[in-house]
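Residue numbers (my numbering): 3 to 570.
Working notes, beginning with the structure itself.
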Amino acid sequence: MQTRGTRYLVSAPDQPRVRRAGDVTSVLVGGLLLLWAVVNRERLGPLNRALAELVDVLPSWSLEPLSVVYSFGFAYGVVVLVLLLAGGRARRDALRDVVVALVVAATIGVVLVRLFHGGWPYIIPELGISTPERQTPVFRIAVTTALLVAASPHLVRPFRRVGWAIVALAVLAGSGLGFGLPSDAVGAVGVGLIAAGATFLGLGAPSGLPDRATIADAMDRLGVPVTDLRFPPSRSWGVRRVLATTTDGTPVLVKVYGRDATDQQLLAKLWRTLWYREERRTFTFSRLQSVQHEALVTLWAARAGVPVPEVLTAGRASDEIALLAVTAGGTRLDRLPPEQLSDALLEELWDHVARLHQAGIAHGWLDASSVRVVDERFQLHDLSAGTISATTADRARDVVELLFSTAALVGPDRAVAAARAGLGDDALVSALPYLQLPALDAATRARADDPKALLRDLIGTLTETLGHEPPERVELRRISPRTLVFAVLGIVAALAIVPMIGGIDLASVATELSDATWSWLLFAWVIGQAVFVTEATSMSFANTTSVPFRPLVVLQIGAKFIGVATPG
3 MQTRGTRYLV SAPDQPRVRR AGDVTSVLVG GLLLLWAVVN RERLGPLNRA
53 LAELVDVLPS WSLEPLSVVY SFGFAYGVVV LVLLLAGGRA RRDALRDVVV
103 ALVVAATIGV VLVRLFHGGW PYIIPELGIS TPERQTPVFR IAVTTALLVA
153 ASPHLVRPFR RVGWAIVALA VLAGSGLGFG LPSDAVGAVG VGLIAAGATF
203 LGLGAPSGLP DRATIADAMD RLGVPVTDLR FPPSRSWGVR RVLATTTDGT
253 PVLVKVYGRD ATDQQLLAKL WRTLWYREER RTFTFSRLQS VQHEALVTLW
303 AARAGVPVPE VLTAGRASDE IALLAVTAGG TRLDRLPPEQ LSDALLEELW
353 DHVARLHQAG IAHGWLDASS VRVVDERFQL HDLSAGTISA TTADRARDVV
403 ELLFSTAALV GPDRAVAAAR AGLGDDALVS ALPYLQLPAL DAATRARADD
453 PKALLRDLIG TLTETLGHEP PERVELRRIS PRTLVFAVLG IVAALAIVPM
503 IGGIDLASVA TELSDATWSW LLFAWVIGQA VFVTEATSMS FANTTSVPFR
553 PLVVLQIGAK FIGVATPG
């Protein structure tokens, strides 16, 4: 995107402000980098020692190129400031972001340098400093990083990439010129990330979404001119939904993927992959891939005879945005009064789902907000999370999501009856193990007054209607409170055991083992394990109720481990 008067700044200066998860990540990553620098401030680790020795043997002529690189980073930051100042009132918010980030970074840098070294940081060390003292952090790198990161949402992509390259070169040049150890330079980058991230968390960051004029121009260049553009309420980070009308009066929904759309989708999928066990996840790493993926799944579903919106156009409109335009209209399922949802209409909906799954397609987000009634027929919308190579688990999640959504609207009895008529008993039986809260989206759960009670009633109705006992649930959560507790206990036990192991003379142990009779060692090991069996047997006889034997053996092993880890 281009702006009037310059080709270096984005074209929409007055963008909505949002608080992004990426800014939290910047603060956390910056904190870790700074912590690493502080920990290694007074000691030379392998990396610091190797690079410091390399710097000491550099020929004198190499200092000039390093000095040029270091100065270029400062000059680049000044150029960015001049561009923002030249933007006038339109760039006032951008200039404010940069100034606040600079003040925060400078404050942190000055405090740390005064604390660790008792002096003042070098602001322009090129002037008159022949033998600089190493400082933690390297002040100039900290403020340069803060400036460039704070300005990055307002810069076009090539300019942003140059900025990150300059930060990397400044780290190398700063440590090479002796302004700090490599860890000090990396810690300075951490200070810059903290300052910029904290600024955006406090003031909000530009959403990276284009304005109406930019979207209209993009649609015109993609061959679908539109008018009457308006923004419906939406909470999608990085994706702007725009309602418009074509020249022939057709209502259109335009999904505009801005700068942060790919980051949002990638973070959401990574987060879900971290917490939940899923067979696979399709990751897209560009805006164009995102719109092409949704367009492909939508066209594939239409080819299978499933009612979906018509794809009008999809593509990249510029370096900053990509968009997908489909026909709009109709009423969302969750906004219809229950009395308008007849049994025949619900059965028709499940028939569409069956046809979708028979074609090997899964919707991926089949809740009530993704289903619309258009001309008294259901349409499936928003296939951005869909796949054209659906697994059994993918199809089961579709069924569970939609079944819970319809049960929240019309009750479990009618929802189950319609699903049986349109989908069949076999598909419902396959979905039963996935009918649990972790399989439901947070927005879907929020549509029920009491999600747990509704889920319990839904499972009861399904098992009774199908004549099928409740199956063992599929373990969806990869990480649960229980696993976290066990991980913490394992770390505590390891910290207790490691000092004990550290006092063992391994050479003496090896000498003893070399003279040992291995048959007796094996016999002793078997006898040692048999103790757990005998103790479990004693505990079993001491109980008045029948207790499974295997858990008792595991209990004895666990008790011995705890005794070793926490003696006394």
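We put the CB at the ideal spot given by N, CA and C, even for glycine.
Given the structure is predicted, the values throughout are model-derived calculations rather than measurements.
In the structure shown, the three-state DSSP call for Arg337 is helix.
In the structure shown, Gln294 adopts helical secondary structure according to DSSP, grouped into three states.
Under the 10 Å beta carbon count, Ser510 is surrounded by fewer than 16 other beta carbons and is classified as exposed. Collapsing the DSSP output to three states places Ala316 in a strand.
Judged by beta-carbon spacing, Thr146 lies within the 8 Å limit of Val169, meaning their Cβ atoms are closer than that value. Leu351: member of the alpha helix (DSSP H) spanning 345 to 360, first to last residue. In the three-state reduction of the DSSP assignment, Asp230 falls in the strand class, which pools E and B. By DSSP's assignment, Ala364 forms a beta bridge with Thr389.
When C-beta atoms of the stretch 84 to 94 are compared with those of the stretch 115 to 130, fewer than three pairs fall below 8 Å, so the two segments do not count as touching.
Rounded to whole angstroms, the separation of the alpha carbons of Pro414 and Ala207 is 43 Å.
Counting C-beta atoms within 10 angstroms of its own C-beta, Val164 has fewer than 16 neighbours from the protein chains shown and is therefore classed as exposed. Cβ neighbours of Thr465 within its own chain (closer than 8 Å, five residues either side excluded): Leu434, Glu471, Pro472. Ranked by Cα distance from Ile461, the options Gln438, Ala448, Glu477 are led by Gln438.
Distances from the CA of Thr249 to each of Ser540, Val228, Thr389 were compared; the closest alpha carbon is that of Val228. Within the DSSP secondary-structure output, Ala246 pairs in a beta bridge with Val254. Contact check between the stretch 415 to 423 and the stretch 330 to 350: three or more CB pairs, one atom from each, fall below 8 Å, which counts as touching. In this structure, the alpha-carbon of Leu83 lies about 11 Å from that of His156. 8 Å or more divides the Cβ of Leu351 from the Cβ of Gly469. Residue state for Val476 is assigned as coil, using DSSP reduced to three classes. Residue range 94 to 119 is occupied by the alpha helix (DSSP H) that includes Val105. With fewer than 16 other CB atoms across the displayed protein chains lying within 10 angstroms of its CB, Glu378 is exposed.
Check the Cα spacing between Ala444 and each of His383, Ser548, Ser371, Ala395: the tightest is with Ser371.
Positions of the alpha helix (DSSP H) runs, each at least 4 residues long and wholly inside the stretch 401 to 489, are given as 414 to 425, 427 to 433, 444 to 448, 453 to 468 in order along the chain.
Within 10 angstroms of the beta-carbon of Arg43 lie 16 or more other beta-carbons, which makes it buried. In this structure, the alpha-carbon of Leu554 lies about 24 Å from that of Glu477.
With a 10 Å radius around the Cβ and a threshold of 16 neighbouring Cβ atoms, Ala518 comes out exposed. The Cβ-Cβ distance between Phe76 and Pro134 does not fall below 8 Å. Within a 10 Å sphere around the beta-carbon of Trp367 sit 16 or more other beta-carbons, which makes this residue buried. DSSP, reduced to helix, strand and coil, places Val310 outside both helices and strands of the structure shown, so it counts as coil.
Annotated as distal: Val40 and Gly178, with beta-carbon spacing of 8 Å or more. For Phe525, DSSP assigns no beta-bridge partner whatsoever. Taking C-beta separations shorter than 7 Å and ignoring five residues to either side along the sequence, the partners of Tyr72 in its chain run Ala172, Ala175, Gly176, Leu179, following chain order.
Ile323 is the residue among Thr315, Glu312, Ile323 whose C-alpha sits nearest the C-alpha of Leu290. Look at Pro208 here: in three-state DSSP terms it is strand.
For Arg305, the closest C-alpha among the options His354, Leu442, Gly332, Val258 is that of His354. Residue pairing by DSSP puts Arg379 in a beta bridge opposite Val376.
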